[in-house]
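Participant: My questions all concern the structure below.
2 protein chains.
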Amino acid sequence: MIHQGQVGHSAYIVASGWACSYKLLPSGSRQIIGFQIPGDFLGLRAILFRTADHNVEPITRVQASEVKEDFLLDAFTRTPRLATAVLWAASRDEAMVVEHLVDLGRRNAAERMAHFLLELGVRLRLVGMGDREGYLCPLSQYLLADALGLSAVHVNRVLRELREEGMLTFQKGKVVFDDYDALVEFAGFHRAYLDHDGPLLR
Amino acid sequence: MIHQGQVGHSAYIVASGWACSYKLLPSGSRQIIGFQIPGDFLGLRAILFRTADHNVEPITRVQASEVKEDFLLDAFTRTPRLATAVLWAASRDEAMVVEHLVDLGRRNAAERMAHFLLELGVRLRLVGMGDREGYLCPLSQYLLADALGLSAVHVNRVLRELREEGMLTFQKGKVVFDDYDALVEFAGFHRAYLDHDGPLLR
DNA sequence: AAGCCGTGCTAACTTGAGTCAGTGTAGGCA
DNA sequence: TGCCTACACTGACTCAAGTTAGCACGGCTT
């Protein structure tokens, strides 16, 4: 969908399906920055920076609406509120990246996994694709590894531990919260950064 | 300057001095998200999200211009170009956090350190506070540790290694690039994400 | 049916980074 | 003058996570 170094393209709003954005390192390893689910904006940085600094790839089949560069910039000058709205979306995005940063910097593998799957759960619930019980999740353990900065082997270990602790089960494409409260406690999860509903747009 | 959970405050533009923004975890450890140097915007997310999701603290004595919430939002509607400019600044900010994310996720301690100090160098050069030789840097090894997701002890080890390899010396508040090219190579550093000069503002 | 992938899963071994526990030094201040 | 604190620095030990090398299963293709 988008490739590092590519110049001049559109942004998209995901209608259905999952995508992921990532960076590749010279060493060949990659770091997944985030996953995009329905309702998410995608490629804004690529427009503002003219040339993309990361890649975006579909995980499942994705349907998305294209937002052309010219259209977006025009719309900004015509309806300033839109600019504010987009700015707000970008900020929420950054808040997620920051939380992800804390994951990688100061949480161990199990806490990271728990925190990550909880966040994903909240985001999916906001678009009606999950509930407090759990959700359908098409991510392989390899994808999780690249997102959480772990090896696939360790992802597997950690998932087993969380399952054995009776907190969370992730098998056959389904995440099930076995003990939601314990999990939230364990991960130190605070959803505040996700559910601001755009206070400036009231 | 800003505290997690605090409601309704201003943004700032740093005129002189260094500050850092960070998150605290229940466990007591902290993750530094980034350092703010002269010219940097600060606290934008706190305005957009009404309540701050992180803390900001001065490192040295800081002089900054306050930008009041009302003023900023007003200005957006009156001069849409300003909104675009701020959006662009926010995007550059996010790009830095993303690069930091890659640091923590997929680079080992030494690469992380090298990459981080190179980035800081480029940013400081952009505001005339450093050159290809090096720069003055008031960060203690404890601050570096909290930024890079390492222990202070390991920061010390890594700095020694880089010094012994003849790539970089960081002592007595001074970063000296002993072999800039080798360092760039070693860290896999690409400055592209830093020096876009706001193409939309031409 | 046979052969492949992609994925999940595991055990055995290695290693990078953390922890603990300490030394040395420079600056501030009582 | 001596004390105290912050910071840089180190060695010895531990442990979380990576690496390697595999097995097992289900869905594809030919």
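So the sequence lines, in the order shown, correspond to chains Z and E.
Quick note: the first sequence, position 108, residue 108 per this note's numbering, numbers continuous.
Quick note: the second sequence, position 200, residue 200 per this note's numbering, numbers continuous.
For every residue, glycine included, the Cβ atom is placed at its ideal position computed from N, Cα and C.
Every value quoted in this text rests on a predicted model; they were computed, and no experiment measured them.
1. Using DSSP bridges, identify the partner residues of D131 of chain Z.
2. Going by C-alpha distance, which of Z:Y22, Z:A46, Z:L150 is nearest I59 of chain Z?
3. Please report the distance separating the alpha-carbon of A192 of chain E from that of Y180 of chain Z.
4. Would you say V122 of chain Z and D74 of chain Z are within 9 Å of each other, going by their C-beta atoms?
5. So, with DSSP's three-state summary, where would you put R78 of chain Z?
6. Taking all protein chains shown into account, decide if T79 of chain Z is buried (16 or more other Cβ within 10 angstroms of its Cβ) or exposed.
7. Under a CB-based cut-off of 9 Å, is K23 of chain Z close to chain E?
8. Can you give me the Cβ contacts of P47 of chain Z inside the same chain, cut-off strictly under 7 Å, excluding the 5 residues immediately before and after it?
9. Provide the residue span of the beta strand (DSSP E) that contains Q141 of chain Z, from first to last.
10. Between L168 of chain E and A114 of chain E, which are expected to be in contact by the criterion C-beta below 8 Å, what is the C-beta distance as a whole number of angstroms?
11. Does the CB of E94 of chain Z have a neighbour CB from chain E at under 9 Å?
12. Do we get a CB-CB distance below 9 Å when we pair Y193 of chain E with the residues of chain Z?
13. Excluding five sequence neighbours on each side, which residues of the same chain lie with their C-beta closer than 7 Å to the C-beta of L183 of chain E?
14. Could you have a look at V98 of chain E and say whether DSSP puts it in helix, strand or coil?
15. Buried or exposed, going by whether 16 or more other CB atoms sit within 10 Å of the CB of E57 of chain E?
16. Under 7 Å between beta-carbons, which chain Z residues line up against F116 of chain E? List them in chain order, please.
17. For L87 of chain E versus A83 of chain Z, is the C-beta distance shorter than 9 Å?
18. Could you have a look at E165 of chain Z and say whether DSSP puts it in helix, strand or coil?
Facilitator: This is what the structure gives:
1. Along the first sequence, read from residue 1 onward, the residue named residue 131 of chain Z stands at position 131. DSSP output for D131 of chain Z lists Z:G134 as bridge partner(s).
2. Looking up residue 59 of chain Z in the first sequence gives position 59. Closest option to I59 of chain Z, Cα to Cα, is Z:Y22.
3. Translated into positions along the second sequence, residue 192 of chain E becomes position 192. Translated into positions along the first sequence, residue 180 of chain Z becomes position 180. Approximately 42 Å, taken between the alpha carbons.
4. Locating residue 122 of chain Z in the first sequence gives position 122, counting from the first residue. Locating residue 74 of chain Z in the first sequence gives position 74, counting from the first residue. Taking 9 Å as the Cβ cut-off, V122 of chain Z and D74 of chain Z do not qualify as a contacting pair.
5. Sequence index remark: in the first sequence, residue 78 of chain Z carries index 78 (1-based). Correct three-state label for R78 of chain Z: helix.
6. Counting from 1 along the first sequence, the entry for residue 79 of chain Z is found at position 79. Label assigned to T79 of chain Z: exposed.
7. Taking the first residue of the first sequence as position 1, residue 23 of chain Z is located at position 23. Yes, contact with chain E.
8. As a position in the first sequence, residue 47 of chain Z is number 47, starting the count at 1. In the sequence under discussion, the amino acid at residue 47 of chain Z is Ile, which differs from the Pro named in the question. Here the set comprises A11, E69, L72.
9. Position 141 of the first sequence, counted from the start, is the residue given in the question as residue 141 of chain Z. It is not in any beta strand (DSSP E) - Q141 of chain Z instead sits in the alpha helix (DSSP H) that spans 141-148.
10. Position 168 of the second sequence holds residue 168 of chain E. Position 114 of the second sequence holds residue 114 of chain E. L168 of chain E to A114 of chain E, Cβ: 7 Å. Contact.
11. For the purposes of this step, residue 94 of chain Z is taken as residue 94 along the first sequence, with counting starting at 1. Output row for E94 of chain Z: interface = yes.
12. Translated into positions along the second sequence, residue 193 of chain E becomes position 193. With 9 Å as the cut-off, Y193 of chain E counts as an interface residue toward chain Z.
13. Translated into the one-based positions of the second sequence, residue 183 of chain E becomes position 183. Same-chain partners within the cutoff: A114, L118, M167, L168, F177.
14. In the second sequence, residue 98 of chain E corresponds to position 98, counting from 1. Of the three classes helix, strand and coil, the one that applies to V98 of chain E here is helix, per DSSP.
15. The sequence position of residue 57 of chain E within the second sequence is 57, counting from 1. Its Cβ having fewer than 16 others within 10 Å, E57 of chain E is exposed.
16. Position 116 of the second sequence, counted from the start, is the residue given in the question as residue 116 of chain E. Residues of chain Z passing the Cβ test: none, with the nearest at roughly 12 Å.
17. Looking up residue 87 of chain E in the second sequence gives position 87. Looking up residue 83 of chain Z in the first sequence gives position 83. Against a cut-off of 9 Å, the Cβ pair of A83 of chain Z and L87 of chain E comes out as a contact.
18. As a first step, residue 165 of chain Z is located in the first sequence; it is residue number 165 there, counting from the start. Three-state DSSP puts E165 of chain Z in coil, outside helix and strand.
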